[in-house]
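Numbers 7 to 187, taken from the numbering used here, label the letters of the sequence shown in order. Backbone N, C-alpha and C define an ideal beta-carbon position, used for all residues, glycine too. Bear in mind the structure is a predicted one, so any value in this text is a computation, not a measurement.
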Amino acid sequence: MKKKFKLLATIGSLCLAISLMAIGVYAAASVSLNVTSNVTFNAESVFVGYKGKIERATTGDFSSAEELVEEHDDWVTNGSTTSTSSATLTAWTPAEVSFEEGKQFIRYTITFQNNSGFDIKVVSSNVPTSQDGVTITENNTSLSSIEPDGTAAWTLTLELTDVSGSINLDVNPTFTISAAV
């Protein structure tokens with residue numbers, strides 16, 4: 007009787023351990039780490055263009071970065087763009103991107119070119135500032151005054167810091183471009 011009890015207790019313990027392990031594997035496999043984007047531009051009486059790209063890397067210096075979304079551009083010169091006949095910048099809606107194992111950095115870079123005959127400024131708004139599990143760093147310091155024929159870049163770096171849960175982040179910045187005062 008004693009041996010039967012020990013045998014059944016051992017079998018029961020093994021079944022419990024295997025079921026807990028299976029639940030843990032299922033929970034780990036169902037974590038999603040996705041970022042969706044929609045970038046909007048409001049240009050006020052200026053001739054300007056932008057070029058945007060999204061990269062993923064293993065380190066924050068992006069020296070070995072992988073381009074996730076094909077570079078997108080829309081340039082306004084002399085009142086018309088290369089993509090449309092209107093003098094407005096088109097919104098950019100890149101494909102959804104995701105973090106990968108070992109590549110915990112994603113960087114958005116948008117470079118603005120001033121084609122106006124005067125200084126312009128670019129003001130960013132609606133930029134995410136916090137998200138559980140992600141460190142968000144915005145660099146917009148060079149956008150306060152862009153001289154004629156000059157360029158300046160805006161960057162947003164996302165660093166994945168916690169993979170214990172799902173992350174669905176929306177990056178929807180809006181840029182207002184006007185003459186610098």
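Pull up the CB-CB distance for residue i and residue j, whole angstroms please, since I reckon it's below 8 Å.
i, j, result
"Tyr114", "Thr161", "7 Å"
"Thr46", "Thr180", "5 Å"
"Phe105", "Leu39", "4 Å"
Quick check on the burial criterion: 16 or more other C-beta atoms within 10 angstroms. Buried or exposed for residue i?
i, result
"Phe53", "buried"
"Ala15", "exposed"
"Phe198", "Outside the displayed range of the chain (7 to 187) lies residue 198, so it cannot be described from this structure."
"Gly55", "buried"
"Glu102", "exposed"
"Glu72", "exposed"
"Asn120", "buried"
"Gly85", "In this predicted model, Gly85 has a pLDDT of only 44, less than 50, meaning its place in the structure is not dependable enough to derive any value."
"Gly30", "exposed"
"Ser25", "exposed"
"Ser51", "exposed"
Just to confirm, is the Cβ distance from residue i to residue j under 9 Å?
i, j, result
"Val128", "Thr182", "yes"
"Ser43", "Val177", "yes"
"Glu165", "Val140", "yes"
"Asn145", "Val41", "no"
"Gln110", "Thr157", "no"
"Ile142", "Ala186", "no"
"Ile116", "Ala49", "no"
"Pro100", "Ile60", "yes"
Go to residue i, then tell me how far its beta strand (DSSP E) extends in each direction, as first and last residue.
i, result
"Thr163", "Thr157 to Leu166"
"Gly55", "Val54 to Ala63"
"Ser131", "Ile126 to Ser131"
"Ser43", "Leu39 to Ser43"
"Thr143", "Val140 to Asn145"
"Ile112", "Phe111 to Asn120"
In the structure shown, what three-state DSSP assignment does residue i receive?
i, result
"Phe11", "helix"
"Val187", "coil"
"Ala97", "coil"
"Ser170", "coil"
"Ala28", "helix"
"Ala71", "coil"
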